Amino acid sequence: MRRLTWCSLALVLSVAPLVLAPAPSTPQTKKLVYWTHWEQNPEFNKFYETRGKDFAQKTGWEVQVVTVPYQGYEAKYLAALVGKSGAPDIYMGMTHHWCGQYDFCDRMPAELAKTWDENLPKYMVGVGKWKGARYGIPIEHGNFQQMYINVDLWKKAGLDPDKPVKTLDDWLAAMKKLTVLDAKGETTQAGFALRHKGHPVGITDKFLPFAHAFGARMLSPNLEQATGFANSADMVAALQFYQDLVQKHKVASLAFPTPEDAFGQKRGATIFRESWFFGWVKKNAPDVTFKVVALPCGKACPGAGNLFPWTNLVYKNSPNKQAAWEFMRFISNAKDDLDQHQAQGILPVWTANLESGYVKARPDYQSTQDMLKQPVPPEYYHPKSNELATAFGEAVVAALYGKGQPKPLLDEAAAKMDRVLKD
Amino acid sequence: MKAGRLHWVVGAVVAAGAVCVFFPFFWMAMTSFKTVPEIQRVPLQIFPDRWGNLDNYREVFQRQPFARFLLNSALIATVSALSSVVVSSLAGYGFAKFRFPGHAVCFFAIVGILMVPFQSVVVPLYLWVNRLGLVDTYAGILAPDLVSVFGVFLMRQSIEVVPTDYIDAARIDGASELGIFWRVVLPSVRPALATLVIVKFMWTWNELFWPLVVVNSPTMKVVTLGLVSFTNMYFIEYNLVTAAAVLSIAPVLAVFLVCQKWIVRAVVLSGLRG
Amino acid sequence: MARQRRAGFFFVLPALAYFGLVFLVPLVESVIGSFYRTVPGGESRFVGLRLYAKVLSDPTFWQAVANTVSLLVMSVPTTVVLALAVALGLHRLASLRWRSAWTAMYFLPFSVSLVAAALIWQWMYDPIYGFLNHLLGQVGLPTQKWLQSLEQVRPSLALVNVWVRLGFDTIIFLAALQAIPTEYYEAASIDGAGPARALRHVTLPLLNPQIVMVTMLELIFNFKVFDTVYATTQGGPAGASQTVIMLLYDTAFKYFRLGDASVMAVFVFVSLLLVTLLQWRLFRRQVEY
Numbered sequence: 002m003r004r005l006t007w008c009s010l011a012l013v014l015s016v017a018p019l020v021l022a023p024a025p026s027t028p029q030t031k032k033l034v035y036w037t038h039w040e041q042n043p044e045f046n047k048f049y050e051t052r053g054k055d056f057a058q059k060t061g062w063e064v065q066v067v068t069v070p071y072q073g074y075e076a077k078y079l080a081a082l083v084g085k086s087g088a089p090d091i092y093m094g095m096t097h098h099w100c101g102q103y104d105f106c107d108r109m110p111a112e113l114a115k116t117w118d119e120n121l122p123k124y125m126v127g128v129g130k131w132k133g134a135r136y137g138i139p140i141e142h143g144n145f146q147q148m149y150i151n152v153d154l155w156k157k158a159g160l161d162p163d164k165p166v167k168t169l170d171d172w173l174a175a176m177k178k179l180t181v182l183d184a185k186g187e188t189t190q191a192g193f194a195l196r197h198k199g200h201p202v203g204i205t206d207k208f209l210p211f212a213h214a215f216g217a218r219m220l221s222p223n224l225e226q227a228t229g230f231a232n233s234a235d236m237v238a239a240l241q242f243y244q245d246l247v248q249k250h251k252v253a254s255l256a257f258p259t260p261e262d263a264f265g266q267k268r269g270a271t272i273f274r275e276s277w278f279f280g281w282v283k284k285n286a287p288d289v290t291f292k293v294v295a296l297p298c299g300k301a302c303p304g305a306g307n308l309f310p311w312t313n314l315v316y317k318n319s320p321n322k323q324a325a326w327e328f329m330r331f332i333s334n335a336k337d338d339l340d341q342h343q344a345q346g347i348l349p350v351w352t353a354n355l356e357s358g359y360v361k362a363r364p365d366y367q368s369t370q371d372m373l374k375q376p377v378p379p380e381y382y383h384p385k386s387n388e389l390a391t392a393f394g395e396a397v398v399a400a401l402y403g404k405g406q407p408k409p410l411l412d413e414a415a416a417k418m419d420r421v422l423k424d
Numbered sequence: 017m018k019a020g021r022l023h024w025v026v027g028a029v030v031a032a033g034a035v036c037v038f039f040p041f042f043w044m045a046m047t048s049f050k051t052v053p054e055i056q057r058v059p060l061q062i063f064p065d066r067w068g069n070l071d072n073y074r075e076v077f078q079r080q081p082f083a084r085f086l087l088n089s090a091l092i093a094t095v096s097a098l099s100s101v102v103v104s105s106l107a108g109y110g111f112a113k114f115r116f117p118g119h120a121v122c123f124f125a126i127v128g129i130l131m132v133p134f135q136s137v138v139v140p141l142y143l144w145v146n147r148l149g150l151v152d153t154y155a156g157i158l159a160p161d162l163v164s165v166f167g168v169f170l171m172r173q174s175i176e177v178v179p180t181d182y183i184d185a186a187r188i189d190g191a192s193e194l195g196i197f198w199r200v201v202l203p204s205v206r207p208a209l210a211t212l213v214i215v216k217f218m219w220t221w222n223e224l225f226w227p228l229v230v231v232n233s234p235t236m237k238v239v240t241l242g243l244v245s246f247t248n249m250y251f252i253e254y255n256l257v258t259a260a261a262v263l264s265i266a267p268v269l270a271v272f273l274v275c276q277k278w279i280v281r282a283v284v285l286s287g288l289r290g
Numbered sequence: 030m031a032r033q034r035r036a037g038f039f040f041v042l043p044a045l046a047y048f049g050l051v052f053l054v055p056l057v058e059s060v061i062g063s064f065y066r067t068v069p070g071g072e073s074r075f076v077g078l079r080l081y082a083k084v085l086s087d088p089t090f091w092q093a094v095a096n097t098v099s100l101l102v103m104s105v106p107t108t109v110v111l112a113l114a115v116a117l118g119l120h121r122l123a124s125l126r127w128r129s130a131w132t133a134m135y136f137l138p139f140s141v142s143l144v145a146a147a148l149i150w151q152w153m154y155d156p157i158y159g160f161l162n163h164l165l166g167q168v169g170l171p172t173q174k175w176l177q178s179l180e181q182v183r184p185s186l187a188l189v190n191v192w193v194r195l196g197f198d199t200i201i202f203l204a205a206l207q208a209i210p211t212e213y214y215e216a217a218s219i220d221g222a223g224p225a226r227a228l229r230h231v232t233l234p235l236l237n238p239q240i241v242m243v244t245m246l247e248l249i250f251n252f253k254v255f256d257t258v259y260a261t262t263q264g265g266p267a268g269a270s271q272t273v274i275m276l277l278y279d280t281a282f283k284y285f286r287l288g289d290a291s292v293m294a295v296f297v298f299v300s301l302l303l304v305t306l307l308q309w310r311l312f313r314r315q316v317e318y
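In order, the protein sequence lines correspond to chains P, R and U.
Here this note's numbering is used: the first residue of the first sequence is 2, the next is one more, and so on.
Here this note's numbering is used: the first residue of the second sequence is 17, the next is one more, and so on.
Here this note's numbering is used: the first residue of the third sequence is 30, the next is one more, and so on.
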């Protein structure tokens, strides 16, 4: 017994100093701390540290990148930004949340703001802005979706993959041809790999191209009203079309796994996904031959939409904000933009770079050009965008699962959204 | 022999249940040896193409300083388990065998902590930890994990059934309260103590939300954060997640097997058994 | 007598002090927060009981409560009964080696983080790649949609919870079973009681403290379930698996309504307190020695 006592005492005494010790002290270089939750883009994140070393030679400030899990990042950001002293100097998030709902962003210096306003594609100019002032630098083309088609499946269905469908009606006809049903009428091969799982915000994101193609919009142009827009006749028609894909035409199936897996498994012949997707396909489903084309249009064209515009923001209460803006200036040029995005294999942001050799060699070059020619679709950069998109998404999911008809579901969602807006 | 047959049936049912419960782990281990195309292959294939395929494990260590994560988790879980056992058994004894005024209220106050959703106290707690300068330190990660409510509960329930006669006898013999605790009470609840060590160790080992909020540096991250880094906004890298999960279970399993032997031995050796 | 009472208090003091410092203060701050709302710009404004009225009259909130209760009703009795059965079975095993082996297997789910468990099960539930549908297909049964079906999503999640918690409760029961002196069983068999009657009249009453504790813990755990849902269905499909804590998290951190979230937290706390107090009163029996 006594030996046990001494043993445990010894253990405690040996462990205590380790535990009470402060975090390993770093050498006295000045560091700008950058927080991001983009764990799927390590090369992109590393770029800040690499360039940070160049920046240190000029100014003595290095850059340290901290990756945060996406799951739970909002809680971590909020705690740190409220807490001030443990907060990052620069962080990646949505402008209308951290600058609109909260006051955690420092306003961008005028000449830097002008540089970005002049060099972004027109649909992205609003990204990073709140009430007309620029706070954030957009870092990617958000969730601007394009159509990926499985070339082999299209050819097998008698469709020509080189003559992409341009209208929603043609698109639906193609989807029907691509769908294979079994003896029980269940879908074994879906024409369209549709997103029906996960958080309602994601569901809204995937439905919006259809809504915009029908000429509908989720909120009024001044973002202050939902009724009359989220439940407009056009929106009801759009949701009816979407619901019919699953319930009536069976070109999409709720029994299928995530759309990416379905496409990778050659069970879904078409998918609407963003520019990062072809990297995923090349890695996870190398035997799928695919092509990227612009989204089909209905009454209007979906255009390059953007529900989650990720931007780099500077913390308002950071003691190092001058240095932070210096660093932002340092990397705000066409070459850095191209290098950084090329390292990760995603689309660069500067308009000039969209004609670079790197982009021209990508499978989505032509489709990107086509999509960017379309008019800018509605934007929903409102502080309550998460809650609004959730209410809306719940209506969409309910329709997909046949839990109701589009009109009453959308009426209910619009009423809920208005309650949220007025709150 | 009817009893013998019943015995056999019971054994078979228990074994079958154990295999069913174990199966997802088997599945996880198998997946960790597969490449991504193999994982997505249909029809399903249970066994990997190459049994010695350690590519996923290699990639886990390449992408993250996973060894450091294991060390951090081990340190934090050990301290948490030890401190919990000490404080919880003291408190459990106090609640089980003493009727001081307000003991019921105190007990329910402690159990009430469990009823508070952690998500609602995380920001205030973080702000306090920040004020104390403990963000991104071991002490900061340990702050909410030093004592276990479950431990107090378990110790109380276990000590309650210790016959009070033994304690009274020791008191009559002139032993101090602490002495009674150490010499009479603790030895009779060794299985519960071992259980608490295991449970608290594992619970702290598998914590995600608090380390997520309080840790910034890659060198201070714990195993759960490493595991979650193989999932992101768009997709889940099952091959790496399963490899990381297997790596994270191995040390915990070792602790469990050691402590489990102690439970069994403690029962055999303990003087209070019939 | 007084010395004893004082001693009792001092035994309890370290735990009380710790919990008071670490949890009481943030808890009070959180409750106070339920009377404030954050306006755009980040300021907090005092609104009295308005948020309580708002949250408690929100059908989404009550739907989340209903989902949570439904999950509870499926998980808690199943877990407790199964754990008891398994512990009794393990206890009867004569061979120590097998008992250790099976116990380790039952306990293994507790050793993996909830997120990893959720991800593994999500993969097993997958309609195309999942093992469960593969198994069903092999024996000729129709494949199921599991987490993607409105009806099946909650039972599927409940199963995951049972799987995670079973070993933990089994070990608690097993440790308690091993602490029952054999004299009691000898006395019972002298009185002519068979194994079934011994179970009812000796084992179960002596296990009563553990049964009460385990049931309370399972109630609390399943009410607060978050990680499993967050990592898999995120509350879908169509809100069928949205639990109170998921809604709380979204309200606090995705919708930035910390005041509303605090109201939900108070609701959770009060509900759990009432339920456990009720259970404590109803099922707790003093076991005399």
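By construction, the Cβ of each residue, glycine as well, lies at the ideal position given by its N, Cα and C atoms.
Quick caveat: nothing in here was measured; it's all calculated off a predicted structure.
**OP:** Along the beta strand (DSSP E) that carries A93(P), what are the first and last residues, could you check?
**Re:** Correcting the residue type first, residue 93(P) is Met in the shown sequence and not Ala. That run of the beta strand (DSSP E) goes I91 to G94.
Original post:
Around the Cβ of A80(P), are there at least 16 other Cβ atoms within 10 angstroms (buried) or fewer (exposed)?
Top reply: buried
Original post:
Buried or exposed: which applies to P407(P), given that a residue is buried once 16 or more other Cβ atoms fall within 10 Å of its Cβ?
Top reply: buried
Subject >> Extent of the continuous alpha helix (DSSP H) run through R66(U) >> reply: It is not in any alpha helix (DSSP H) - R66(U) instead sits in the beta strand (DSSP E) that spans Y65 to T67.
Subject >> Close Cβ partners of R126(U) (< 7 angstroms) along its chain, the five nearest in sequence each way excluded >> reply: none
Original post:
Looking at the C-beta of N285(P), does it have a partner C-beta in chain R at a distance below 9 angstroms?
Top reply: yes
**OP:** Pick helix, strand or coil for N162(U), following the three-state DSSP scheme.
**Re:** helix
**OP:** Identify, in the order they occur along the chain, each residue of the same chain with its Cβ nearer than 6 angstroms to the Cβ of A269(U), setting aside the five sequence neighbours on each side.
**Re:** L179 and V182
**OP:** Pull up the DSSP beta-bridge partners for W281(P), would you.
**Re:** Paired residues: none, contrary to the question.
Original post:
Helix, strand or coil: how does DSSP classify T271(P) here?
Top reply: strand
Subject >> Close beta carbons around W326(P), own chain, < 8 angstroms, minus the five adjacent residues each side >> reply: D107, M109, P110, L113 and V315
Original post:
Is any beta-carbon of chain U found at less than 9 angstroms from that of K113(R)?
Top reply: yes
Original post:
Any idea what DSSP makes of P379(P), helix, strand or coil?
Top reply: coil
Original post:
Which value, in whole angstroms, describes the spacing of the CA atoms of P224(U) and Y214(U)?
Top reply: 9 angstroms
**OP:** Could you tell me which uninterrupted alpha helix (DSSP H) segments, each at least 4 residues in length, are contained entirely in the segment 386-417 of chain P, listed from first to last along the chain?
**Re:** 386-401
**OP:** Please classify E72(U): is it buried, with 16 or more other beta-carbons within 10 angstroms of its beta-carbon, or exposed?
**Re:** exposed
Original post:
Near V293(P), which residues of its chain fall below 6 angstroms by C-beta distance, leaving aside the five closest residues on each side in sequence?
Top reply: Q147, Y149, P364, D365 and S368
Original post:
Are the CB atoms of Y78(P) and G101(P) nearer to each other than 9 angstroms?
Top reply: no
Subject >> Residues near A174(P) in its chain [Cβ-Cβ closer than 7 angstroms; skip 5 each side] >> reply: none
Original post:
Does any C-beta atom of chain P lie closer than 9 angstroms to the C-beta of N72(R)?
Top reply: no
Subject >> Inter-residue spacing [alpha-carbon to alpha-carbon] between Y71(P) and F225(R) >> reply: 12 angstroms
**OP:** Count the other C-beta atoms from every protein chain shown that fall within 10 angstroms of the C-beta of K300(P), then say buried if there are 16 or more, exposed otherwise.
**Re:** exposed
Original post:
Quick one: does R74(U) have its CB under 9 angstroms from some CB of chain P?
Top reply: no
Original post:
Going straight from the alpha carbon of H142(P) to that of K207(P), what length do you get?
Top reply: 15 angstroms
**OP:** Pull out every residue of the segment 175-205 of chain U whose Cβ sits closer than 7 angstroms to any Cβ of chain P, in chain order.
**Re:** Q177 and L179
**OP:** Would you tell me roughly how many angstroms separate the C-alpha atoms of R121(U) and A133(U), rounded to the nearest one?
**Re:** 16 angstroms
Original post:
Is there at least one Cβ from chain P nearer than 9 angstroms to F225(R)'s Cβ?
Top reply: yes
Original post:
Using a beta-carbon distance below 9 angstroms, is Y182(R) in contact with chain P?
Top reply: no
Subject >> Terminal residues of the beta strand (DSSP E) in which L314(P) lies >> reply: T312 to V315
**OP:** State whether the segment 224-240 of chain R contacts the segment 117-130 of chain R, with contact taken as three or more CB pairs (one from each stretch) at a distance under 8 angstroms.
**Re:** no
Original post:
Roughly how many angstroms separate the alpha carbons of G61(P) and V34(P), rounded to a whole number?
Top reply: 14 angstroms
**OP:** Would you mind sorting L164(U) into buried or exposed? The rule is 16 or more other CB atoms within 10 Å of its CB.
**Re:** exposed
Subject >> Helix, strand or coil at Q190(P) according to DSSP, with G and I counted as helix >> reply: strand
Subject >> Closer than 7 angstroms at the beta carbon, the chain P residues around L209(R) >> reply: Correct list: empty, because the minimum Cβ distance to chain P is about 11 angstroms.
**OP:** Answer yes or no: does any C-beta atom of chain U fall closer than 9 angstroms to that of M249(R)?
**Re:** no
Original post:
If you scan the segment 268-302 of chain U from start to end, which runs of the beta strand (DSSP E) of 3 or more residues do you find wholly inside it?
Top reply: none
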